[in-house]
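S.K.: Here it is: the structure, laid out below.
Chains as they are written, first to last, in the working numbering: chain Z, 877 to 1205; chain A, 877 to 1205.
Okay, here's the thing in structure tokens:
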């Protein structure tokens, strides 16, 4: 069975797809009435909203698929904004000819990931385009959450500490390998994971300033943007940044800098010096944060991001013109 | 200037696109910080959320374009759900090679339509895919609104009245003509419009039961779904349904039934007999509702939707297997 144009028509075929694939896996009462909108309730005064379209190529990769990624990405964007993720909407654009079996695998992992992250998929939409007008499947997820902490680059002060929650560059490397046939045997998998259970315990720390999940553009881009918004400098210690040997090796081979490679299950965190050890302890007590490290500090000595290399040299990290590895999310 | 892969990279080109095109037109303070999520506030206890991806072909058509449509569609879905539309997120998927000028026209009309509808565009995302992996531009909009009326098919009772707010089939006909070169000269334009200012005054009527904007599948599909959910029958009087002569003529020529053609600026409304005249009066006082008509009634005499033809015959309207005109939204 394959997706046909009629599956996006709003008629009987659409309804069959909704019932046999979407409702089978997305088992939320809010979704059941299938009206034009769903009703949700939020108890916080302030609500966070975020949207992302996922166009990753290939759609299945070691460690995940476009469906899992679409839930993780949106859950993580809400979390790093100081919010508890609650509800997610899902918009599918499907290409005529997509095997229904693939769609079902994708939907199944969206449902599993949403369950793991404690978010509800509450409303959705499906469009089908002709063969050659999409790359199998594109997914938009929009997430809504309850804001519990106001986080902002402007909160930070010189002396604050930079923490990363684990190894960087895994996702970008895994996608790169899945895409091109480099004939390299490797264990590298995407780190794609929902980070809310790891990060929300940090909300209790007074010294928590800012967080970001360094996806497109990687750790370097996230910190450059932070330093620009905050008007401060960031000093990073190269030897403290957790990067797997395999990622270093492959990056070198194909000419990427792992600091600019996408991550889908990591966060970079700015926290006061006082709360840094406590933050690290909280992170390390969680499986997704066991490799967390303090990798640098906020300074007023300069603007921008400088990397102190293992041999004591300094390298300024600049925003790239464009990503060397497009469509990684 | 054309869209390049780098515009979706998250690097400097993406930032330029955001600043020079998106922020230029989407002038909302919530959007300015460009963090991963935006903060909004909703005062209602119950929040409506809806999502739609727009893949319409062609992207410019008489009466609108994909951008205008993407705002109208989401505003209308919230409104017919009994909500006041408040905030909208926008996710763009752009094809490499799309003229920047076209993107800017689309963004401009999104901004204009949002302003007209009184909704704020608060967060967004841009992805770029390679040439041949999209049809120029796809847009997802997700809308959030304050629920002020609980509307449901189950609210309806036999004797309730069916109202349509104006001529049906204009959008589907306009798209069909814009797509194929039929060499017909016509004035038919898409009815694409935000309906919140037309419909929200109806929320004050106790007898308001249910509303729907009959897009994909048209008036017939909307009412068939209503009758199934409500467990009642709907009797429609063919001669009461406003359909332009040109739409009838073109539909006949190309073999469509205008009752199944998409509308993007119309609503079908179920209201108590008692409040029907008042509803009609409210609708007719608004430019978008001046051609509103009572077109039928809810009955317990049968299930499903029956059309009473002008010569007194009866025709049962059935859900179509698939839409004869795909990608109309």
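Every residue, glycine too, gets a C-beta built ideally from N, C-alpha and C. Remember, it's a predicted structure, so these values are computed and weren't measured experimentally.
Whole angstroms are fine: how far does the CA of residue 920 of chain A sit from the CA of residue 1025 of chain A?
M.R.: If I take the Cα positions, the gap works out to 11 Å.
S.K.: Helix, strand or coil for residue 821 of chain A, going by three-state DSSP, please let me know.
M.R.: With chain A covering 877 to 1205 only, the question about residue 821 of chain A has no answer from this structure.
S.K.: In the DSSP assignment, find the alpha helix (DSSP H) that holds residue 1022 of chain Z and state where it starts and stops.
M.R.: Taken as a continuous stretch (DSSP letters only), residue 1022 of chain Z belongs to no alpha helix (DSSP H), being part of the beta strand (DSSP E) at 1013 to 1023.
S.K.: Out of Z:894, Z:1133, Z:1099, Z:1066, which one is the CA nearest neighbour of residue 1000 of chain Z?
M.R.: Per the Cα distances, Z:894.
S.K.: Does the stretch 937 to 948 of chain A come close enough to the stretch 1061 to 1074 of chain A that 3 or more CB-CB pairs lie under 8 Å?
M.R.: Taking 8 Å as the limit for Cβ pairs, the verdict is that the stretch 937 to 948 of chain A does touch the stretch 1061 to 1074 of chain A.
S.K.: Compare the C-beta of residue 1132 of chain Z against all C-beta atoms of chain A and say whether one is closer than 7 Å.
M.R.: So, not an interface residue.
S.K.: Consider the Cβ of residue 1096 of chain Z: report whether some Cβ of chain A lies at a distance smaller than 7 Å.
M.R.: Not an interface residue.
S.K.: First and last residue of the alpha helix (DSSP H) that includes residue 953 of chain A?
M.R.: Note, residue 953 of chain A: alpha helix (DSSP H), 942 to 956.
S.K.: What do you get for residue 1018 of chain Z, buried or exposed, if any count of 16 or more other CB atoms within 10 angstroms of its CB means buried?
M.R.: Residue 1018 of chain Z comes out buried.
S.K.: Evaluate contact between the stretch 972 to 988 of chain A and the stretch 1090 to 1109 of chain A, counting only Cβ atoms and requiring at least three cross-stretch pairs below 8 Å.
M.R.: The stretch 972 to 988 of chain A is not in contact with the stretch 1090 to 1109 of chain A.
S.K.: Who are the neighbours of residue 917 of chain Z on chain A, taking C-beta pairs under 8 Å?
M.R.: Within 8 Å Cβ-Cβ: 921, 922, 923.
S.K.: Extract the residue ranges of the alpha helix (DSSP H) inside the stretch 955 to 1007 of chain A, only unbroken runs of 4 or more that lie entirely within it.
M.R.: Taking only runs of at least 4 residues, the alpha helix (DSSP H) segments lying wholly in the stretch 955 to 1007 of chain A are 976 to 993.
S.K.: Just tell me which of A:1059, A:1161, A:1153, A:1204 has its CA closest to the CA of residue 1170 of chain A.
M.R.: If we check each option's Cα against that of residue 1170 of chain A, A:1153 comes out closest.
S.K.: Over what stretch of residues does the beta strand (DSSP E) that includes residue 1166 of chain A continue unbroken?
M.R.: Premise fails: residue 1166 of chain A is in no beta strand (DSSP E) and is neither H nor E.
S.K.: Enumerate in chain order the residues of its own chain whose CB-to-CB distance from residue 1021 of chain Z is below 6 Å, with the five nearest sequence positions on each side excluded.
M.R.: Excluding sequence neighbours, residue 1021 of chain Z sits near 924, 954, 959, 960, 961, 962.
S.K.: Give the residues of chain Z in contact with residue 881 of chain A, contact being defined as C-beta atoms less than 9 Å apart.
M.R.: 1198, 1199, 1202, 1203, listed in chain order.
S.K.: Report the neighbours of residue 1182 of chain Z on chain A: residues whose CB is nearer than 7 Å to its CB, in chain order.
M.R.: Simply none; closest approach about 19 Å.
S.K.: How is residue 1058 of chain A classed by DSSP in three states: helix, strand or coil?
M.R.: Correct three-state label for residue 1058 of chain A: coil.
S.K.: Determine, for residue 993 of chain A, whether the minimum Cβ-Cβ distance to residues of chain Z falls below 7 Å.
M.R.: Residue 993 of chain A does not count as touching chain Z.
S.K.: Is the shortest distance between the beta-carbon of residue 1113 of chain Z and the beta-carbons of chain A less than 7 Å?
M.R.: Output row for residue 1113 of chain Z: interface = no.
S.K.: What is the DSSP secondary structure of residue 1129 of chain A, counted as helix, strand or coil?
M.R.: If DSSP states are grouped into helix, strand and coil, residue 1129 of chain A belongs with the helices.
S.K.: Indicate whether at least one CB of chain Z lies closer than 7 Å to the CB of residue 997 of chain A.
M.R.: By this cut-off, residue 997 of chain A is not an interface position.
S.K.: Is there contact between the stretch 931 to 941 of chain A and the stretch 1049 to 1056 of chain A, where contact requires at least three CB pairs shorter than 8 Å?
M.R.: Yes, they touch.
S.K.: For residue 1010 of chain A, which residues in chain Z fall below 9 Å Cβ to Cβ?
M.R.: In chain order: 931, 969, 1005, 1009, 1010, 1011, 1014.
S.K.: In angstroms, rounded to a whole number, what distance separates the CA positions of residue 911 of chain A and residue 1176 of chain A?
M.R.: Their Cα atoms are separated by approximately 54 Å.
S.K.: What's the gap between the Cα of residue 1181 of chain A and the Cα of residue 998 of chain A?
M.R.: Straight-line Cα distance between these residues: approximately 40 Å.
S.K.: Check each candidate in Z:1100, Z:1144, Z:880, Z:1159 and name the one with the smallest Cα separation from residue 969 of chain Z.
M.R.: The option with the nearest alpha carbon to residue 969 of chain Z is Z:880.
S.K.: Do residue 1106 of chain Z and residue 1200 of chain Z count as a contact pair if the criterion is CB distance below 7 Å?
M.R.: In this structure, residue 1106 of chain Z does not lie closer than 7 Å to residue 1200 of chain Z by Cβ.
S.K.: With DSSP as the reference, label residue 1043 of chain Z as helix, strand or coil.
M.R.: The answer is coil: DSSP assigns residue 1043 of chain Z none of H, G, I, E or B.
S.K.: Keeping to the same chain, check which residues put their C-beta closer than 6 Å to that of residue 922 of chain A; ignore five residues upstream and five downstream.
M.R.: Cβ neighbours of residue 922 of chain A beyond the five flanking positions: 1023.
S.K.: Shorter than 7 Å from the beta carbon of residue 1141 of chain Z to some beta carbon of chain A?
M.R.: No, no contact with chain A.
S.K.: Is there a Cβ from chain Z that is less than 7 Å from the Cβ of residue 1165 of chain A?
M.R.: Taking Cβ atoms only, chain Z never reaches closer than 7 Å to residue 1165 of chain A, which makes this a no.
S.K.: Once you ignore the five residues that flank residue 1043 of chain A on each side, which residues in its own chain have a CB closer than 8 Å to its CB?
M.R.: Closer than 8 Å at Cβ, skipping near neighbours: 1067, 1118, 1119, 1120, 1123, 1142, 1167.
S.K.: Could you tell me the alpha carbon to alpha carbon distance between residue 976 of chain A and residue 1082 of chain A, rounded to whole angstroms?
M.R.: Cα to Cα, residue 976 of chain A sits roughly 49 Å from residue 1082 of chain A.
S.K.: Just mark residue 1202 of chain Z as buried or exposed, buried being the case when its beta carbon has 16 or more other beta carbons within 10 Å.
M.R.: So residue 1202 of chain Z counts as buried.
S.K.: List, in order along the chain, the chain A residues whose C-beta lies closer than 9 Å to that of residue 1174 of chain Z?
M.R.: In chain order: nothing, as chain A lies at least about 18 Å away.
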